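>
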Amino acid sequence: MDYFSSAFADETIRDLAKERGRFIGTILNSEWFNDAIEPEFEEIHKTQFNVVVAENEMKFDATEPSENKFNYAKGDKMVEYAQANGLRVRGHALAWHSQVPGWVNNYSGQKEKLLSVLKNHIDSVVGHWKGKVAEWDVVNEAINDDYNHDWRSTGSVWYEGIGPEFLDSAFVWAHAADPNAELCYNDYAVEWGINEGSKAGFVLEQVKRWKANGIPITCVGTQTHIEIAHETTPQNVRAFAKALAELDVKLNITELDIGFPKGSAGKLTAADYEKQGHLYRQFMDVFLEEPNMGEFVIWGLTDAHSWLDEQQGKTEGLLYDKQYKPKPAFDSIMVSLKAHPASEVKSPYPDSVLIQQATKFVAVTSKLSAQITGRILSIAGATAAKVDVFDMQGRPVFSAKNVKKAVELSGLSEGLFVVRVRDGSKRLMQRITIK
Ligand code: G3I
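What the sequence shown shows, in my numbering, is residues 2 to 436, in sequence order.
(1) In the DSSP assignment, find the unbroken alpha helix (DSSP H) run with TRP211 in it and report its ends.
(2) Verify whether the separation of the beta carbon atoms of GLY198 and HIS231 is less than 8 Å.
(3) List the residues that DSSP assigns as beta-bridge partners of MET1.
(4) How many angstroms separate the CA atom of LYS427 from the CA atom of LEU369?
(5) Report yes if the CB atom of GLU415 is closer than 8 Å to the CB atom of LYS315, and no otherwise.
(6) Rounded to whole angstroms, what is the Cα-Cα separation between TRP300 and ARG210?
(7) Which partner residues of SER67 appear in the DSSP bridge assignment?
(8) Flag SER99 as yes when its Cβ comes closer than 7 Å to any non-hydrogen atom of the ligand G3I, and as no otherwise.
(9) Quick one: Cα of GLY313 to Cα of LYS268, how far?
(10) Determine contact between the region 397 to 415 and the region 277 to 288, defined as no fewer than three beta-carbon pairs at a distance below 8 Å.
(11) Might you give, ordered along the chain, the residues of its own chain that have their beta carbon closer than 7 Å to the beta carbon of SER7, omitting 5 neighbours on each side?
(12) So the candidates are LYS347, VAL408, GLY87, GLU345; which of them puts its Cα closest to the Cα of ALA371?
(13) Using only the alpha-carbon positions, how far apart do LYS253 and LYS263 sit?
(14) Tell me which same chain residues have a C-beta within less than 7 Å of the C-beta of LEU248, skipping the five on either side of it?
(15) With burial defined as no fewer than 16 other Cβ atoms inside 10 Å of the residue's Cβ, what is the status of ASN237: buried or exposed?
(16) State buried or exposed for LEU338, treating a residue as buried only when at least 16 other CB atoms are found within 10 Å of its CB.
(17) Check whether the Cβ atoms of VAL80 and VAL90 sit closer than 8 Å, and answer yes or no.
(18) Where does the unbroken beta strand (DSSP E) through THR234 begin, and where does it stop?
(19) Taking 8 Å as the threshold (C-beta atoms), are HIS341 and ARG21 in contact?
(20) State the Cα-Cα distance for the pair VAL365 and VAL388, rounded to the nearest angstrom.
What follows is the structure, given as structure tokens:
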């Protein structure tokens, strides 16, 4: 007779990530800061995630809208929320060519002035949140879009005025302002492989140089804004993580979304959503299997609020649909977490970091519970549940609808599986062993 190891509470991806010494998160959209978002947003956010990023509110134009006049109100609101709910905070972003206020551009080309503006900004902002923001995107998107293996040399007030040393200086200043913060270089299109000439290859060269020169970089962020057709990207991220591990630097997934072409809205099928889930799962598999990956951050929670629709000509790239219902992508992430037992997942963080992320928010648990006896799965608390069973590679191997009390998992061989039970808004996912 086999029983579920802990069958009496709903589980969250946050708790599963936490048990594995990892962080899973999403942004707080600008609508949250403006109190213009549905109540479900925050409830789901603090239940399912344990790392948070501000979509826009810690950027240069938000924090220093006028020279040396800082506005921390919205960032403080997020930090308080994070502390109340046991979330790690990522700071995004210090030195970036975009979202720079007009007054900075007035100093275009004035190297000494721009150096002092950037230093003052970093000293002040990192200093203000010292000990509260665990990790900063110190430099964001500094590499050229033309894939010519070089820095972004136009359209960047920092590069054009200061030269490439603005990056090195930014890391040094950020480290001086908060010696315990993790410091990242963050960029997009680094999920396209590490071959010579690639953007990720260029990042690797710079990280090597930074490490050799004592520049205090500890992490790289792969934004990973991709599309459903980009099937090779998870393995490219794996290769990038391994290469960074050799340099003793972490790789974090910082802005993941997996969008569909906008024209497909309203025409997407169950198979499309499963495919999206499969890709999310592959990213989570890579994340859990590579010991130098710490954070898995998605750029949005619900398809109702996403830059993809507003700015990208893409759609429906997130874990929750527009009605805040979890999509197959959510389940895929949970299946991946379940398939990687905590005992086998290495955390890149020391205990001191993990203990700080207290779980102050207690998720509301549903009354769904289940246990297995032989091949009979008994369910309590369901009215008409949908039961799905997956093998440890995440492939569906059994499915039944309208289960009220019990169902025989016919046709399954002996071994480990993950069972998912859904009944209205209640859900349960659990690993089972059939002997
Ligand atoms: O604040 C103004 C508001 O006053 C005005 O009424 C409104 C009208 O459009 O615009 C508001 O500013 C917008 C801002 O988001 C806040 O909502 C900007 O126009 C808009 O451009 C800005 O977009 C953000 C974008 O970064 C800017 O580059 C997106 O929300 C944000 O999701 C996106 O995030 C970036 C990451 O920081 C870096 N990586 C790529 C990622 C996606 O582009």
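Ideal Cβ placement from N, Cα and C applies to all residues, glycine included.
Predicted model, so just to flag it, every value in this text is computed and none were measured.
Based on what the coordinates show:
(1) 200 to 213
(2) no
(3) What the structure shows of the chain is the stretch from 2 to 436, and residue 1 is not part of that stretch, so it cannot be assessed.
(4) 7 Å
(5) no
(6) Between the alpha carbons of TRP300 and ARG210 lies a distance of about 30 Å.
(7) LYS70
(8) yes
(9) Residue 313 is actually Gln in this sequence, not Gly. Cα-Cα distance, rounded: 18 Å.
(10) They do not touch, by the three-pair rule.
(11) With a pLDDT of 33 at SER7, under the threshold of 50, the modelled position of this residue cannot be trusted, and the question is left open.
(12) VAL408
(13) Reading the sequence as shown, one finds Asn at residue 253 and not Lys. Computed Cα separation, rounded: 27 Å.
(14) VAL208, LYS209, LYS212
(15) By the 10 Å Cβ count, ASN237 comes out buried.
(16) buried
(17) yes
(18) First-last for THR234: 234 to 246, but that is the alpha helix (DSSP H), not the beta strand (DSSP E).
(19) yes
(20) Low confidence applies here, because VAL365 scores a pLDDT of 38, under 50, leaving its location unreliable; read the following figure in that light. The straight-line gap from Cα to Cα measures roughly 21 Å.
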